[in-house]
Amino acid sequence: MLNPAVSAKEASEILGDAQKVEQTPNRLQDVFVWSGRPVWDKIFAQVKANRVDKNIGVCFCGAPVIGAALAENCRTFSNADEDCLFTLHKENF
């Protein structure tokens, strides 16, 4: 799990296919570890399309620049008319 074989660019493809999600080697319950830079737009779109609840929590601990990108995507993909709310939970050290 420390060196995942699955790249971040493959994330949106995997997250869009329930069978692939179950078989991916980089998954531990509901936590995924990807190598490389994530394509946030595709990941957020897939999570939004496959949500089972209107509230989606995004947990993050790391560099402020990544937190800012996640906060922007949370705002972009949240939509009251579609009953979807992304909430960023972050901690910076």
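Per the numbering used here, the very first residue in the sequence shown carries number 1400; after that it's consecutive. Yeah, the Cβ is synthetic: ideal placement off N, Cα and C, and Gly gets one too. Note that the structure is a prediction, hence the values are computed from the model and not measured.
The residue among F1485, K1489, L1469 and V1457 with its C-alpha nearest the C-alpha of V1438 is L1469. Cα atoms of I1413 and L1487: separation of roughly 22 Å, rounded to the nearest angstrom. If you look at K1447, you'll find it in the alpha helix (DSSP H) that goes W1439 to A1448. In this structure, the beta-carbon distance from N1478 to F1443 does not fall below 8 Å. With fewer than 16 other Cβ atoms from the protein chains shown falling within 10 Å of its own Cβ, T1475 counts as exposed. One alpha carbon belongs to C1483, the other to Q1445, and they sit about 13 Å apart. The C-alpha of K1453 is placed about 11 Å away from the C-alpha of D1480. Remark: C-beta atoms of F1485 and V1451 do not approach each other more closely than 8 Å.
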